[in-house]
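Protein chains in written order, with this note's numbering: chain F, 10 to 305; chain X, 7 to 235.
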């Protein structure tokens, strides 16, 4: 099972509603993945700064943590959302702040980028979305995932999205069969993995391909040969998102588009509350073909 | 005509009402509003009625249909008309995977495309797709006809038994034991009837199709294969 949603706004007037629309889509797919949920939202960028989304244990004193990470002036703006802390760090200070985070083993960087913020937790997807206040977030696009765990434990680390690089993350519906072998191979290439999760390996594989110079489209296409198993992937990027289904199309996928937005849903049900859906073009992405929407 | 708005009435109430209809019912025309992608809409009907669904449906719409005519004014999710026994299901949009799967009878017409595994394990159903079909269509097809006006994806008719396949466009590849066969006059006559039943009377030349079916080498025991057992 598992459920994926993606929404990409063409009409800037809808940007304040991005989170609310995404929360509605995610809530509909609770029954496809009640174990955990996560989402990535692409909001505004601060000039000369990078956003670090950091996760810590429930009850962390994030105000104190943010102060500890500062290296003097200027102060680092931050926002706390439930168990996650989003730091807006001047690019020049990123390495120092990351070293500071690494000194606190209870903290994990779940994603970074100019615009991307990632939030994920264990629990029913609609509850998780409410805890993070997804419905209040604005942005140009976002992707989300509801997980029914099959390949590894129900933990926050095993929740999607998984980051594949700055401003980039991956969600997955399916299960991979060769992830253990591939994890060993990628470890030899210097990648590190936090979990036994199959999707983390797919994300690692794509990060490695792009580190070696591949474009996202090339990385998606080479996944077709490297990954064995079932998958529908949605990859969020700074300016849009990509979709790839395995060659036998084991997992469902529906796309819809009108002049205001492009949307992805594991099932059409997830899309029914989008504005103008009744007159939108609705179709099924074909298997083994990498789709990319990049407009913003 | 009876109109049921699924924004007001639950899907279970609709299906229960449809299941309670007897063959001699006077409520012969139903209209379903706001399907919103729900699953199993109008599945399991056993009465000669017409149901029109105004919008997109989810999985297994019109599944197990007997006698009824079901018109879907939208797209269908997976397994439209799965295991249909008789009657007619008409999808005005496109259908997702496994359209008409395991169908034993009746006619399924898809105006748009049908994706992968259309007619998988078909057992007597006739399927007319006016667009194209995806990979592994008519996989293990046992009986019935699959007519495709557009193209067919990879591995058409893989492991096919006795279903008959007619494709007007290109075929990406044929599956195991599926071969092209001569389109004879009797096939053209049968094809003409199917096209007529699908509302394409005279619009399409039956002679423009190619016929595919089983080479009958896979499911019959052959003495040369004795070493494989």
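Even for Gly, the Cβ is constructed at its ideal location relative to N, Cα and C. It should be emphasised that the depicted structure is a prediction, and the values quoted were computed from it without experimental measurement.
From the DSSP output, which residues share a beta bridge with residue i?
i, result
"residue 16 (chain F)", "F:151, F:272"
"residue 250 (chain F)", "F:245, F:302"
"residue 159 (chain X)", "DSSP output for residue 159 (chain X) lists no bridge partner at all."
"residue 264 (chain F)", "F:273, F:292"
"residue 60 (chain F)", "F:97, F:122"
"residue 217 (chain X)", "X:172, X:187"
"residue 76 (chain X)", "X:57, X:95"
"residue 181 (chain F)", "F:242"
"residue 151 (chain X)", "X:132, X:170"
"residue 174 (chain F)", "F:177"
"residue 51 (chain X)", "None, per the DSSP bridge assignment."
"residue 35 (chain X)", "X:56"
"residue 88 (chain F)", "F:95"
"residue 101 (chain X)", "X:82, X:120"
Following the continuous alpha helix (DSSP H) through residue i, name the residue where it begins and the one where it ends.
i, result
"residue 195 (chain F)", "188 to 197"
"residue 227 (chain F)", "225 to 235"
"residue 24 (chain X)", "17 to 25"
"residue 134 (chain F)", "134 to 141"
"residue 110 (chain F)", "103 to 111"
"residue 209 (chain F)", "207 to 220"
"residue 37 (chain F)", "27 to 37"
"residue 73 (chain F)", "71 to 78"
Between the C-alpha atoms of residue i and residue j, what's the straight-line distance to the nearest angstrom?
i, j, result
"residue 233 (chain F)", "residue 141 (chain X)", "17 Å"
"residue 85 (chain X)", "residue 68 (chain F)", "47 Å"
"residue 131 (chain X)", "residue 194 (chain X)", "18 Å"
"residue 6 (chain F)", "residue 148 (chain F)", "For chain F, the structure presents residues 10 to 305; residue 6 (chain F) sits outside this window and is missing."
"residue 214 (chain F)", "residue 149 (chain X)", "45 Å"
"residue 56 (chain X)", "residue 34 (chain X)", "6 Å"
"residue 185 (chain X)", "residue 16 (chain F)", "44 Å"
"residue 195 (chain F)", "residue 197 (chain X)", "55 Å"
"residue 121 (chain F)", "residue 224 (chain X)", "55 Å"
"residue 28 (chain F)", "residue 243 (chain F)", "18 Å"
"residue 29 (chain X)", "residue 73 (chain X)", "9 Å"
"residue 253 (chain F)", "residue 204 (chain X)", "34 Å"
"residue 53 (chain X)", "residue 46 (chain X)", "17 Å"
"residue 126 (chain X)", "residue 215 (chain X)", "21 Å"
"residue 153 (chain X)", "residue 175 (chain X)", "11 Å"
"residue 247 (chain F)", "residue 95 (chain X)", "44 Å"
"residue 260 (chain F)", "residue 103 (chain X)", "10 Å"
"residue 216 (chain F)", "residue 286 (chain F)", "34 Å"
"residue 292 (chain F)", "residue 133 (chain X)", "20 Å"
"residue 189 (chain X)", "residue 92 (chain X)", "27 Å"
"residue 150 (chain F)", "residue 107 (chain X)", "37 Å"
"residue 25 (chain X)", "residue 119 (chain X)", "30 Å"
"residue 172 (chain X)", "residue 183 (chain X)", "16 Å"
"residue 100 (chain X)", "residue 218 (chain X)", "23 Å"
"residue 60 (chain X)", "residue 37 (chain X)", "7 Å"
"residue 308 (chain F)", "residue 64 (chain F)", "The displayed coordinates of chain F run from 10 to 305. Any statement about residue 308 (chain F) would go beyond what the structure contains."
Tell me the residue span of the beta strand (DSSP E) that contains residue i.
i, result
"residue 193 (chain X)", "Run containing residue 193 (chain X): none in the beta strand (DSSP E); it sits in the alpha helix (DSSP H), 191 to 203."
"residue 173 (chain X)", "170 to 173"
"residue 11 (chain X)", "8 to 11"
"residue 132 (chain X)", "129 to 135"
"residue 120 (chain F)", "117 to 122"
"residue 127 (chain F)", "125 to 131"
"residue 113 (chain X)", "113 to 116"
"residue 47 (chain F)", "45 to 51"
Residues of chain F with CB under 8 Å from residue i, in chain order?
i, result
"residue 122 (chain X)", "257, 258, 296"
"residue 165 (chain X)", "Near residue 165 (chain X) there are no residues of chain F at all, since even the closest Cβ is about 15 Å away, more than 8 Å."
Using the beta-carbon of each residue, which ones in chain F are nearer than 7 Å to residue i?
i, result
"residue 84 (chain X)", "261"
"residue 151 (chain X)", "Those within 7 Å of residue 151 (chain X) in chain F number zero; the least Cβ separation is about 24 Å."
In chain F, which residues lie with their C-beta within 9 Å of the C-beta of residue i?
i, result
"residue 138 (chain X)", "In chain order: nothing, as chain F lies at least about 10 Å away."
"residue 103 (chain X)", "258, 261, 293"
"residue 100 (chain X)", "291, 292, 293"
"residue 81 (chain X)", "263, 277, 291, 292, 293"
What does residue i touch in chain X if you count any residue whose Cβ is under 7 Å from its own?
i, result
"residue 281 (chain F)", "42, 43"
"residue 14 (chain F)", "In chain order: nothing, as chain X lies at least about 13 Å away."
Looking at the ligand MG, does it come within less than 6 Å of residue i, judged from the CB to the closest heavy atom?
i, result
"residue 244 (chain F)", "Ligands are entirely absent from the displayed structure, and the ligand MG is therefore not among its contents."
Note down, in chain order, all residues in the region 43 to 71 of chain X with a beta-carbon under 9 Å from any beta-carbon belonging to chain C. In summary, chain C is missing from the structure at hand, where the protein chains are F and X.
Can at least three beta-carbon pairs, one atom from the region 37 to 49 of chain F and one from the region 288 to 299 of chain F, be found at a separation below 8 Å? no
Three Cβ pairs or more, each shorter than 8 Å: is that satisfied between the region 71 to 81 of chain X and the region 41 to 55 of chain X? yes
Decide if the region 184 to 204 of chain F is in contact with the region 224 to 240 of chain F; the criterion is three or more beta carbon pairs, one per stretch, under 8 Å apart. yes
At least 3 beta-carbon pairs within less than 8 Å: the region 58 to 65 of chain F vs the region 88 to 102 of chain F: yes
Does the region 158 to 169 of chain X come close enough to the region 273 to 286 of chain F to have 3 or more Cβ pairs within less than 8 Å? no
Quick check: the region 217 to 231 of chain F against the region 63 to 73 of chain X, are there 3 or more CB pairs under 8 Å? no
When you compare the region 138 to 147 of chain F with the region 28 to 39 of chain F, are there three or more beta-carbon pairs, one atom per stretch, that lie closer than 8 Å? yes
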